[in-house]
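Participant:
In our numbering, the protein residues as written are 238 to 376.
#1: Determine, using beta carbons only, whether residue 238 and residue 320 come nearer to each other than 8 angstroms.
#2: Name the one or two DSSP bridge partners that residue 353 has.
#3: With a Cβ-Cβ cutoff of 8 angstroms, do residue 363 and residue 338 count as a contact?
#4: Pull up the distance between the alpha-carbon of residue 368 and that of residue 282, whole angstroms please.
#5: Report the rounded CA-to-CA distance for residue 348 versus residue 336, giving the unit in angstroms.
#6: Based on the DSSP secondary-structure assignment, which residues constitute the bridge partners of residue 283?
#7: Are residue 264 and residue 251 close, meaning C-beta to C-beta below 8 angstroms?
#8: Candidates 334, 307 and 280: which alpha carbon is nearest residue 324's?
#9: Locate the alpha helix (DSSP H) running through residue 292, then write down its first and last residues.
#10: Measure the alpha-carbon distance for residue 366 versus residue 279 and round it to whole angstroms.
#11: Helix, strand or coil, according to DSSP, for residue 319 in the structure here?
#12: Using the Cα positions of residue 352 and residue 343, report the straight-line distance between them to the nearest angstrom.
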């Protein structure tokens, strides 16, 4: 399976990158190459580009297609629109990493599940993640 991680060297995504390689996934990382504290796992292929610069990202991806694209660093609807424009028709599956903070705060019941209402009026980050999810549902 050929998978593209956008990012892939962050606190959470670096562990997932390592696990993907261990599981035999043909892993590509689209990133700027600026993180040095968490090295790219051996076997991953780095595509140097900046997802915040659509021309840079398009050039780095070079028209390749992927079985899945996982975006670890999409935080706003604008980021999602860039991904839709860049990867529509180039992947079988797009995975958006959201946040538990997008769920109802304070919770009306626990545990929080995927059917819990998306509502958090207290933090812009959470409201943006909710807007991203809504945009993807409509895409």
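Yeah, the Cβ is synthetic: ideal placement off N, Cα and C, and Gly gets one too.
Facilitator: Let's see:
#1: no
#2: Paired residues: none, contrary to the question.
#3: yes
#4: 31 angstroms
#5: 15 angstroms
#6: 266
#7: no
#8: 307
#9: 291-298
#10: 32 angstroms
#11: helix
#12: 15 angstroms
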